[in-house]
Amino acid sequence: GVTTVIQPRPNGTGGAVQAAAGEIDDDCVVVVLPGDAPLITAAAIKGLVESHAATDAAGTMATMVLADPTGYGRVVRDDDGNVVRVVETKADGDASAAELEIDEVNSSIFAFDGWALKTALGHLSPDNAQGELYLPDVLGALRVGGREVGAHVLVDPDLALGVNDRVQLAQVRAIAQRRILDAHGRAGVTIVDPASTLVDVSVEIGEDTTIEPSSFLRGATRIGRGCTVGPLTTLIGATLHDDVTIAHSYVVQAEIHDAATIGPFAYLRPGTVLRERSKAGAFVEIKNSDIGAHTKVPHLSYIGDADIGERTNLGAATITANYDGVDKHRTTIGDRVHTSVDTTLVAPVTLGDDCYTAANSAITKDVPPGALGIARERQTNLEGYADRKRRS
């Protein structure tokens, strides 16, 4: 399990570890990690622990060599290359000009023998420009006590990059994205333009899927094999089976079955299910509805709280009027139904199998199987209307 310890006051990194000293086992190796270095990996931590165990050091510090070490504590070594101390650079006066020229820096990642760490924590002093307890000063305390101190250089300095401002946050985020996209690429996913693509670490993508530019895959999104996603598509917690095609669309917590097509400019909201080879086309919004296999909602429709059968075609501008101002109501549409253009289905209402609706109908009553539902006024032509209007 995880035990949380509260640091009673913000008195530095050494104070933070002092607050947790009661949880430290004397006989264990203790790894100390900073909270603002999200790029560190399990493999890197394992390498540090193995390096520590291979020596007689009581404490081993992970270091990195940076082209621009600004903001990091500098690692000071003696003439034999042994680590002497870490000089912090948080405030003017912490480090000398010569020390600021050092490019090997403290990563704030350490491995300690438990008993040695607890002993050295008692020797920390706030005698510095910040008036804080610096955890790296533990290394100096160990050396004064006659204990050996080691260093483990991280080959990839990105592993321990910290976040001290929003510029560094953007840098770390870019590196994390590169790792995620590279992993998907090696697993058989085509990322057409990594620079414009964002994929959360929690997203799963199947082999031979293509992610087009400006696509954003968030949360618990699951994508099957052979899909094409994008361009300009956002998936949030969506589930796509195999061979799905989505372009210029926004899908949230919807399930899309094999070979379905979505877009362009479709909005699928939570609770939507598109069955095999169904279609949600241009400027279509679907919410909390089950769209049957081979059924098409091709364009300019709102479908909310509906259950639609197989091989049905909804004409342009077909909508379900599902909300009466107080409650939501469901619409049921059977198999092989054809609604004509501009049909309004006022829920609750049922359209039976093989039925039709006439254009511009507002269907308020059930339509039996095989019937044609017509709900509109007959056209009336007023002859001479234009002449009368001009004379008035």
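Numbering-wise (my numbering), the sequence shown opens with residue 13 and increments by one.
Virtual Cβ for every residue (Gly too), placed ideally from N, Cα, C.
- DSSP lists Phe-124, Val-161 as the bridge partner or partners of Gly-71.
- 8 Å or more divides the Cβ of Ser-404 from the Cβ of Ile-386.
- The beta carbon of Lys-291 sits closer than 6 Å to those of Thr-273, Lys-308, all from its chain and outside the five residues before and after it, given in chain order.
- The three-state reading of DSSP puts Asp-149 in helix, counting H, G and I together.
- For His-311, the beta-bridge partners assigned by DSSP are Ala-294.
- Taking a C-beta distance under 8 Å as the contact criterion, Thr-369 and Val-379 qualify as a contact pair.
- A distance of 8 Å or more separates the beta carbons of Gly-249 and Ile-235.
- For Tyr-397, no beta strand (DSSP E) encloses it; the enclosing alpha helix (DSSP H) starts and ends at 397 to 403.
- DSSP, reduced to helix, strand and coil, places Val-61 within a helical segment of the structure shown.
- Inter-residue distance for Gly-59 and Ala-49 is about 17 Å (C-alpha atoms, whole angstroms).
- Per the C-alpha coordinates, the member of Leu-129, Asp-139, Asp-170 positioned closest to Val-117 is Asp-170.
- Going by DSSP, Leu-229 is part of the beta strand (DSSP E) stretching over 228 to 230.
- Taking the C-beta atoms as reference points, Met-73 is found nearer than 8 Å to Ala-163.
- With a threshold of 16 other beta carbon atoms within 10 Å, Gly-71 meets it and is buried.
- Bridge partners of Gly-316 according to DSSP: Lys-299.
- Arg-234 sits in a strand when the DSSP states are folded into three classes.
- Unbroken beta strand (DSSP E) stretches of 3 residues or longer found wholly inside the region 179 to 248: 228 to 230, 246 to 248, given in chain order.
- Between Phe-124 and Lys-299, the alpha-carbon positions lie close to 55 Å from each other.
- Between the alpha carbons of Gly-364 and Leu-326 lies a gap of roughly 14 Å.
- Going by DSSP, Leu-112 is part of the alpha helix (DSSP H) stretching over 109 to 112.
- In this structure, the beta-carbon distance from Asp-317 to Arg-287 does not fall below 8 Å.
- Nearest neighbour of Val-161 by Cα position, chosen from Thr-330, Ala-182, Phe-122, turns out to be Phe-122.
- Lys-377 sits in coil when the DSSP states are folded into three classes, being neither helix nor strand.
- Under DSSP, Asn-176 forms no beta bridge with any residue.
- In this structure, Ala-141 places its C-beta atom within 8 Å of the C-beta atom of Asp-106.
- For Leu-129, the secondary structure class from DSSP, reduced to helix, strand or coil, is helix.
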